[in-house]
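**Student:** Attaching a single structure in structure tokens format; questions to follow.
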Amino acid sequence: MVGSRGRRSKFRNEMYGTRVQVKSEVLFRLLLASCFMPLFGASTSLSQEITAKASTDKTQYLVGDYINYTIVVSCGKDFKIYPPSFVPDSLKSVTLIEKEKPDEEEENGIVNVAFKYVLSGYDSTGVLIPSIAVPYQTSSDSTTHFAYTNPVSFTIQTLKVNPQGEIKDVNPPIKILLNWKLVLFWVLAALFFVGIFLYSYLVHRMRKTKSPLEKEIERLPSHVVALNALRELEKRQLWQKGKIMEYHSEITEIIRRYFEERFNMPAMELPTSETIEVLGRNRETGPILSTTYDFLSNADLVKFAKFTPLNSINEEMMKQANEIVNKTIPVAQAGQDSPVDPKQETEGIRLTDAG
Numbered sequence: 058m059v060g061s062r063g064r065r066s067k068f069r070n071e072m073y074g075t076r077v078q079v080k081s082e083v084l085f086r087l088l089l090a091s092c093f094m095p096l097f098g099a100s101t102s103l104s105q106e107i108t109a110k111a112s113t114d115k116t117q118y119l120v121g122d123y124i125n126y127t128i129v130v131s132c133g134k135d136f137k138i139y140p141p142s143f144v145p146d147s148l149k150s151v152t153l154i155e156k157e158k159p160d161e162e163e164e165n166g167i168v169n170v171a172f173k174y175v176l177s178g179y180d181s182t183g184v185l186i187p188s189i190a191v192p193y194q195t196s197s198d199s200t201t202h203f204a205y206t207n208p209v210s211f212t213i214q215t216l217k218v219n220p221q222g223e224i225k226d227v228n229p230p231i232k233i234l235l236n237w238k239l240v241l242f243w244v245l246a247a248l249f250f251v252g253i254f255l256y257s258y259l260v261h262r263m264r265k266t267k268s269p270l271e272k273e274i275e276r277l278p279s280h281v282v283a284l285n286a287l288r289e290l291e292k293r294q295l296w297q298k299g300k301i302m303e304y305h306s307e308i309t310e311i312i313r314r315y316f317e318e319r320f321n322m323p324a325m326e327l328p329t330s331e332t333i334e335v336l337g338r339n340r341e342t343g344p345i346l347s348t349t350y351d352f353l354s355n356a357d358l359v360k361f362a363k364f365t366p367l368n369s370i371n372e373e374m375m376k377q378a379n380e381i382v383n384k385t386i387p388v389a390q391a392g393q394d395s396p397v398d399p400k401q402e403t404e405g406i407r408l409t410d411a412g
């Protein structure tokens, strides 16, 4: 009995020690869980506050098609998102064509940032874009964390060809319908510019081409004009009527105009001394220099000195004027042109026979 009681007591002690040890391990595990729970909770809260989702616009593409690959990151306002570390060179069978600027939208306190890429494939194959890391930071932590996208798969294939099908000819050229309004516009525009060109050409030709009447009119030589004017002045008998000043003014004006046209000099503006000087430089005026000086000097006395000449001087003035003109007629025209009746001539022009 004693031995039986001893064994029972020993068994009880062992059971008691086992219970104490189990309770101690449970308490220790609970203590560890209470210490590390905040860390797990923070990690879980971060993972719940930001997500990154990748997608393509289709799952089937033909060789050479544009593949629109998009990564959308959804997070709170306190997150700062950086561009994904998307390395197109590491992707097989696709090529990066374009990288667009990120689009950012906010809705119900959630910020959605979209990163868009345009890819293209040139081989018939299946493509798997692996998970892409999107770096981010929070306002309360400067540590860079990463959100990972889901993998995206799609297929690139060539056009399906049925080897048993009928062989078809190349498609005919596409017929483009005429835009009659546009055609009418260009026709009217062309007619407008052609009309302007023809009008300008005709106006230019009309200005350049003389009319038949203008062709029949030719300028009379300067000596014929002067002699006709002297003849007309003599018929008016101004000095005989007492208009001596008017007579001397008109007769000197006739001779000075003759000098301007015949010798191309400004005789109407020059005084007597300068007129004689200019005439002296011309070889053709040698025979008339002395006569011209006396002629102009007598006229100056009457016009400026109020000199009243004798009748013989008035008559001499007409003779001197005719002598000045007759002695300076060009040699080629001497004897060919002679004074004509003013009734048959207009002043300075002559109508030629149209026939």
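Its first residue numbered 58, the sequence shown is counted upward by one per residue in my numbering.
Cβ coordinates follow ideal geometry from the N, Cα and C atoms, glycine included.
Between the alpha carbons of Glu164 and Leu241, how many angstroms are there, rounded?
**Tutor:** In a straight line, the C-alpha of Glu164 is about 54 Å away from that of Leu241.
**Student:** Just list the residues that DSSP pairs Arg183 with in beta bridges.
**Tutor:** Note that residue 183 is Gly in the sequence shown, not Arg. Thr212, per the DSSP bridge assignment.
**Student:** I need the boundaries of the beta strand (DSSP E) containing Phe172, first residue and last residue.
**Tutor:** Its beta strand (DSSP E) spans residues Ile167 to Ser177.
**Student:** Please name the residue or residues paired with Asp160 in a DSSP beta bridge.
**Tutor:** BP columns for Asp160 point to Ala171.
**Student:** Take the Cβ of Trp296 as the centre, count every other Cβ of all protein chains shown within 10 Å, and call the residue buried at 16 or more, exposed below.
**Tutor:** Buried: at least 16 other Cβ atoms inside 10 Å.
**Student:** From the DSSP output, in three-state form, read off Pro230 for me.
**Tutor:** The answer is coil: DSSP assigns Pro230 none of H, G, I, E or B.
**Student:** Could you tell me the distance, in whole angstroms, from the CA atom of Phe361 to the CA atom of Glu341?
**Tutor:** Their Cα atoms are separated by approximately 30 Å.
**Student:** Using three-state DSSP, classify Leu287 as helix, strand or coil.
**Tutor:** In the structure shown, Leu287 sits in a helix (DSSP, three-state: H, G or I).
**Student:** On the three-pair Cβ rule with 8 Å, is the region 274-285 touching the region 234-249?
**Tutor:** Output reads no: the region 234-249 does not touch the region 274-285.
**Student:** Using DSSP with H/G/I as helix, E/B as strand and the rest coil, what is Asp114?
**Tutor:** In this structure, Asp114 counts as coil in the three-state DSSP scheme.
**Student:** Provide the residue span of the beta strand (DSSP E) that contains Gln194, from first to last.
**Tutor:** First-last of the beta strand (DSSP E) with Gln194: Ala190 to Thr195.
**Student:** State the start and end residues of the unbroken beta strand (DSSP E) segment that holds Lys137.
**Tutor:** First-last of the beta strand (DSSP E) with Lys137: Phe136 to Ile138.
**Student:** When you compare the region 290-309 with the region 318-328, are there three or more beta-carbon pairs, one atom per stretch, that lie closer than 8 Å?
**Tutor:** With the cut-off at 8 Å, the region 290-309 and the region 318-328 do not touch.
**Student:** Whose CA, out of Glu317, Ile107 and Lys156, lies closest to the CA of Val382?
**Tutor:** Ranking the options by Cα distance to Val382, first place goes to Glu317.
**Student:** Extract the residue ranges of the alpha helix (DSSP H) inside the region 306-380, only unbroken runs of 4 or more that lie entirely within it.
**Tutor:** You should have 329-337 and 346-361.
**Student:** What are the boundary residues of the beta strand (DSSP E) that Thr127 is part of?
**Tutor:** Start and end: Tyr123 to Cys132.
**Student:** Does Ser257 come out as helix, strand or coil in the three-state DSSP assignment?
**Tutor:** Of the three classes helix, strand and coil, the one that applies to Ser257 here is helix, per DSSP.
**Student:** Where does Leu248 fall in DSSP's three states?
**Tutor:** In the structure shown, Leu248 sits in a helix (DSSP, three-state: H, G or I).
**Student:** Exposed or buried, what is Phe172 when buried is set at 16 or more other beta-carbons lying within 10 Å of its beta-carbon?
**Tutor:** Per the 10 Å Cβ criterion, buried.
**Student:** Please return the same chain residues whose Cβ sits closer than 7 Å to the Cβ of Ser354, not counting the five positions on each side in sequence.
**Tutor:** Same-chain partners within the cutoff: Thr329.
**Student:** Look up Ser279 in the DSSP assignment and say whether it is helix, strand or coil.
**Tutor:** Helix.
**Student:** From the DSSP output, in three-state form, read off Leu239 for me.
**Tutor:** Helix at Leu239.
**Student:** According to DSSP, Leu153 sits in a beta bridge with which residue or residues?
**Tutor:** BP columns for Leu153 point to Leu176.
**Student:** Using only the alpha-carbon positions, how far apart do Arg262 and Gly252 sit?
**Tutor:** For Arg262 and Gly252, the distance between alpha carbons rounds to 15 Å.
**Student:** Which value, in whole angstroms, describes the spacing of the CA atoms of Asn23 and Val170?
**Tutor:** In the structure as shown, the chain begins at 58 and stops at 412. Residue 23 is therefore absent and cannot be evaluated.
**Student:** Since Ile345 and Thr385 are thought to touch, with beta carbons under 8 Å apart, how far apart are those beta carbons, to the nearest angstrom?
**Tutor:** Contact flag correct, Cβ pair sits at about 6 Å.
**Student:** Give the DSSP bridge partners of Tyr304, in chain order.
**Tutor:** Answer is none; Tyr304 lacks a bridge partner.
**Student:** Here's the rule I'm using: 16 or more other beta-carbon atoms within 10 Å means buried, otherwise exposed. How should Gly178 be labelled?
**Tutor:** Gly178 is buried by the Cβ-count criterion.
**Student:** Examine the Cβ distances between the region 182-195 and the region 106-126 and report whether three or more of them are shorter than 8 Å.
**Tutor:** Yes, since at least three Cβ pairs between the region 182-195 and the region 106-126 fall closer than 8 Å, the two stretches touch.
**Student:** Considering Cα atoms alone, identify which of Val151, Pro141, Glu106 and Asp122 is closest to Asp135.
**Tutor:** If we check each option's Cα against that of Asp135, Glu106 comes out closest.
**Student:** For Asp122 and Ile213, I'd like the C-alpha separation in whole angstroms.
**Tutor:** So the two alpha carbons sit approximately 9 Å from each other.
**Student:** Is the beta carbon of Ile311 less than 8 Å from the beta carbon of Leu290?
**Tutor:** Yes, the Cβ-Cβ distance between Ile311 and Leu290 is below 8 Å.
**Student:** In the DSSP assignment, what are the bridge partners of Thr108?
**Tutor:** DSSP output for Thr108 lists Ser131 as bridge partner(s).
**Student:** Less than 7 Å separating the Cβ of Ile381 from some heavy atom of the ligand PLP?
**Tutor:** As for the ligand PLP, it is missing from this structure, which has no ligand bound.
**Student:** What's the call for Ile224, buried or exposed, on a 16-neighbour Cβ count within 10 Å?
**Tutor:** Looking at its Cβ environment, which holds fewer than 16 other Cβ atoms inside 10 Å, Ile224 is exposed.
**Student:** Is the CB-CB distance between Val184 and Cys132 below 8 Å?
**Tutor:** Against a cut-off of 8 Å, the Cβ pair of Cys132 and Val184 comes out as no contact.
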